[in-house]
């Protein structure tokens with residue numbers, strides 16, 4: 305019997321702000337445990353929260369970008385639960401009156417696009433962090449993360465495969481980075497995802513009993529966890545067992561999900577309006593300002609790169625996968641107006657170096673005008689493309705301009721016909737049999753002779769000039785012999 309998964313994702317995004325959601329404590333990653341805390345984020349009696357304006361505007365920006373309807377009333381609620389990393393024993397969140405609802409995100413799938421509906425985008429604060437002593441019998445609590453500004457993005461159950469879930473997450477992360485609302489660094493906890501999954505027979509429209517899967521620290525882990533959970537639920541149904549609604553944890557070492565607790569319902573959290581944060585009306589001017597100031601989003605930029613610069617769709621997609629790479633590409637065009645050549649170098653030699661060093665193009669030493677300068681040296685014939693591949697590595701290592709490296713190391717290509725004429729004559733004289741083979745129609749023989757000239761000049765000869773000189777000389781010799 306054929307089954308399909310029905311998946312909904314809850315993505316928690318830590319917003320890029322200087323201070324926490326409801327207090328003035330720093331949000332910087334790291335720091336001594338419990339050093340970024342105050343009476344507000346520790347829940348001391350009498351401490352009053354104040355909403356971070358930048359967190360509000362960043363949240364609105366995301367809601368606008370995914371096409372949500374934004375509420376004109378902002379209300380916060382207390383979500384009550386008891387856990388060691390929650391100092392107040394409640395979390396300030398939003399319940400039945402979220403910031404926004406009914407948006408969507410289009411993702412690319414095999415055969416076209418698919419629209420994933422977004423149920424809601426709402427604001428809340430983060431909990432602290434438990435640190436478990438390896439091999440010990442105790443745990444520690446670090447409240448530095450407590451009160452960090454979060455945005456929760458909840459999708460509808462429109463995702464029907466682990467691959468679609470992976471694509472949704474990568475496209476959502478790309479959008480958030482373009483909006484500059486979060487660094488989306490999963491290793492630092494800036495982006496976390498919980499997945500709800502149930503199964504049903506193919507062709508059915510109803511929903512089965514879902515399990516929520518937590519503890520996934522990468523998109524690859526989300527995909528693997530969903531693959532395992534789909535197979536687990538299918539096996540249970542096929543053996544006549546019942547699927548129970550529960551929260552499960554992903555065990556990355558064993559690559560399985562394990563039961564954690566029965567799944568809570570909304571009433572278990574005893575939501576009620578936050579008495580210390582008075583509801584307020586959201587001015588439409590603020591929403592329209594964020595809408596007006598939206599940057600060019602990834603899909604639109606990809607389409608423009610293809611149409612305006614004549615790039616293949618693959619190039620346009622690769623270059624727009626990171627905003628800073630797309631920005632860098634366009635800056636290069638200001639110095640060198642050959643889009644495809646710039647694209648080839650960024651996706652090839654430059655990308656290979658950066659991946660090996662775990663760097664981004666922005667924090668490398670290669671400036672846009674530097675790359676453009678190197679490509680101009682190739683176009684002028686001063687260096688060959690092969691030489692440029694060596695020079696680009698040194699430019700990335702040192703930040704030096706191509707012209708300086710070429711001059712200091714004597715790498716300028718020899719294009720002087722007089723100098724190359726003499727070397728070519730010597731090569732022909734020493735390789736008469738190969739020269740005769742070329743005259744008999746064997747084109748590969750000419751390439752051998754070009755290689756010999758390159759060898760004698762230690763790779764500095766201009767291959768195009770050498771090729772022309774050799775052809776002219778051999779053709780001339782043949783004419784003289786025929787006469």
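In this note's numbering, the protein residues as written are 305 to 787.
Every residue, glycine too, gets a C-beta built ideally from N, C-alpha and C.
1) Residues in the same chain with beta-carbon distance under 7 Å from residue 256, minus the five sequence neighbours each way, listed in chain order, please.
2) Beta carbon of residue 731, beta carbon of residue 753: below 7 Å?
3) Starting from residue 748, follow the alpha helix (DSSP H) in both directions and report where the run begins and ends.
4) Going by other Cβ atoms of all chains shown within 10 Å of its Cβ, with 16 needed for buried, is residue 579 buried or exposed?
5) May I ask which residues mark the beginning and end of the alpha helix (DSSP H) holding residue 606?
6) Under 8 Å Cβ to Cβ from residue 603, same chain only, skipping five residues before and after it: list those, please.
7) Count Cβ pairs between the stretch 448–455 and the stretch 323–340 that sit closer than 8 Å; are there 3 or more?
8) Could you say if the stretch 663–672 and the stretch 685–703 meet the contact criterion of at least three C-beta pairs nearer than 8 Å?
9) Let me know the secondary structure DSSP gives residue 633 once reduced to three states.
10) Please report the distance separating the alpha-carbon of residue 386 from that of residue 397.
11) Quick check: residue 623 and residue 633, are their CB atoms within less than 7 Å of each other?
12) Could you say if the stretch 417–426 and the stretch 437–444 meet the contact criterion of at least three C-beta pairs nearer than 8 Å?
13) Output the boundary residues of the beta strand (DSSP E) element that contains residue 494.
14) Just to confirm my understanding: we take residue 407, look at its own chain, exclude 5 residues before and 5 after, and list those with CB closer than 6 Å. What are they?
15) Can you tell me where the alpha helix (DSSP H) holding residue 363 begins and where it ends?
16) My understanding is that residue 346 touches residue 444, with C-beta atoms under 8 Å, so please give their C-beta distance in whole angstroms.
17) Spell out a yes or no on whether the stretch 647–658 and the stretch 680–688 are touching, meaning 3 or more CB-CB pairs, one atom from each, closer than 8 Å.
18) Beta-carbon separation of residue 724 and residue 770 under 7 Å?
19) Taking three-plus beta-carbon pairs below 8 Å as touching, is the stretch 352–365 in contact with the stretch 330–337?
20) My assumption, with CB atoms under 8 Å, is that residue 311 sits in contact with residue 588. Please give the rounded CB distance.
21) Are there three or more Cβ pairs, one per stretch, closer than 8 Å when the stretch 387–396 is compared with the stretch 592–603?
22) Anyone know if the C-beta pair for residue 560 and residue 532 falls short of 7 Å?
23) Report the three-state DSSP secondary structure of residue 427 (helix, strand or coil).
24) Please identify the residue among 377, 716, 745, 757 whose C-alpha is closest to the C-alpha of residue 735.
25) Is residue 463 buried or exposed, if buried means 16 or more other CB atoms sit within 10 Å of its CB?
26) For residue 304 and residue 341, I'd like the C-alpha separation in whole angstroms.
27) Taking all protein chains shown into account, decide if residue 339 is buried (16 or more other Cβ within 10 angstroms of its Cβ) or exposed.
28) For residue 458, does the three-state DSSP call read helix, strand or coil?
29) Just to confirm the assignment, what range does the alpha helix (DSSP H) spanning residue 651 have?
30) So, at 8 Å on beta carbons, what are the nonlocal neighbours of residue 787 in its own chain, with the 5 sequence-adjacent residues on each side left out?
31) Can you look up residue 776 in the DSSP assignment and give me helix, strand or coil?
32) Can you tell me which residues form a DSSP beta bridge with residue 520?
33) What first and last residue would you give for the alpha helix (DSSP H) that runs through residue 309?
34) Please state whether DSSP places residue 512 in a helix, a strand or coil.
35) Any idea which residues DSSP pairs residue 585 with across the strands?
36) What did DSSP end up calling residue 764 once you bin it into helix, strand or coil?
If we stick to the structure as given:
1) Since the first and last residues shown for the chain are 305 and 787, residue 256 lies out of range.
2) Locating residue 731 in the chain shown gives position 427, where the first residue counts as 1. Locating residue 753 in the chain shown gives position 449, where the first residue counts as 1. Closer than 7 Å, so yes.
3) Position 444 of the chain shown, counting from 1, holds the residue named residue 748. Start and end: 747–760.
4) Start at 1 with the first residue of the chain shown, and residue 579 comes out as number 275. With fewer than 16 Cβ atoms within 10 Å of its Cβ, residue 579 is classed as exposed.
5) In the chain shown, the residue the question calls residue 606 occupies position 302. Run containing residue 606: 602–613, per the alpha helix (DSSP H) assignment.
6) Counted from its first residue, the chain shown places residue 603 at position 299. If we look at residue 603 and ignore the five residues flanking it on each side, its Cβ neighbours are 410.
7) yes
8) yes
9) Residue mapping note: residue 633 aligns to position 329 of the chain shown, counting from 1. Correct three-state label for residue 633: helix.
10) Here residue 386 is taken as the residue at index 82 of the chain shown, counted from 1. Here residue 397 is taken as the residue at index 93 of the chain shown, counted from 1. Answer to the nearest angstrom: the Cα atoms are 15 Å apart.
11) Numbered from 1 along the chain shown, position 319 holds the residue referred to as residue 623. Numbered from 1 along the chain shown, position 329 holds the residue referred to as residue 633. Against a cut-off of 7 Å, the Cβ pair of residue 633 and residue 623 comes out as a contact.
12) no
13) Against the chain shown, residue 494 aligns to sequence position 190. Taken as a continuous stretch (DSSP letters only), residue 494 belongs to no beta strand (DSSP E), as it is neither H nor E.
14) The residue given as residue 407 occupies position 103 in the chain shown. These residues qualify, in order along the chain: 370, 371, 372, 422.
15) Walking along the chain shown from the start, residue 363 turns up at place 59. Its alpha helix (DSSP H) spans residues 357–369.
16) What you label residue 346 is simply residue 42 of the chain shown in a count that begins at 1. What you label residue 444 is simply residue 140 of the chain shown in a count that begins at 1. Actually they are not in contact, since the Cβ atoms of residue 346 and residue 444 sit about 15 Å apart, beyond 8 Å.
17) no
18) Numbered from 1 along the chain shown, position 420 holds the residue referred to as residue 724. Numbered from 1 along the chain shown, position 466 holds the residue referred to as residue 770. In contact: residue 724 and residue 770 (Cβ atoms closer than 7 Å).
19) no
20) On the chain shown, position 7 is the one that residue 311 refers to. On the chain shown, position 284 is the one that residue 588 refers to. That belief does not hold up - the Cβ atoms of residue 311 and residue 588 are roughly 35 Å apart, past 8 Å.
21) no
22) Counted from its first residue, the chain shown places residue 560 at position 256. Counted from its first residue, the chain shown places residue 532 at position 228. Against a cut-off of 7 Å, the Cβ pair of residue 532 and residue 560 comes out as a contact.
23) Counting from one through the chain shown, the residue named residue 427 turns up at place 123. Reduced to three states, the DSSP call for residue 427 is strand.
24) Numbered from 1 along the chain shown, position 431 holds the residue referred to as residue 735. Closest by alpha carbon: 757.
25) As a first step, residue 463 must be located in the chain shown, where it is residue number 159. Buried, because 16 or more other Cβ atoms sit within 10 Å of the Cβ of residue 463.
26) Outside the modelled stretch of the chain, which goes from 305 to 787, sits residue 304, for which no answer is possible.
27) Translated into positions along the chain shown, residue 339 becomes position 35. So residue 339 ends up on the exposed side.
28) Against the chain shown, residue 458 aligns to sequence position 154. Note: residue 458 maps to strand in three-state DSSP.
29) To locate residue 651, count along the chain shown from 1; it is residue 347. From DSSP, residue 651 is part of no alpha helix (DSSP H); its letter is neither H nor E.
30) To locate residue 787, count along the chain shown from 1; it is residue 483. In this predicted model, residue 787 has a pLDDT of only 49, less than 50, meaning its place in the structure is not dependable; the value taken from the coordinates is given anyway. Correct list: empty, nothing qualifies.
31) Your numbering for residue 776 matches position 472 in the chain shown. If DSSP states are grouped into helix, strand and coil, residue 776 belongs with the helices.
32) Position 216 of the chain shown, counted from the start, is the residue given in the question as residue 520. For residue 520, which the question treats as bridged, DSSP gives the partners 497.
33) Working through the chain shown from its first residue, we reach residue 309 at position 5. Segment 307–318 is the beta strand (DSSP E) holding residue 309; no alpha helix (DSSP H) there.
34) Position 208 of the chain shown, counted from the first residue, corresponds to residue 512. In the structure shown, residue 512 sits in coil (DSSP, three-state: anything other than H, G, I, E or B).
35) Within the chain shown, numbered from 1, the residue matching residue 585 stands at position 281. Paired residues: 377.
36) One-based indexing of the chain shown puts residue 764 at position 460. Residue 764: coil per DSSP, three-state reduction.
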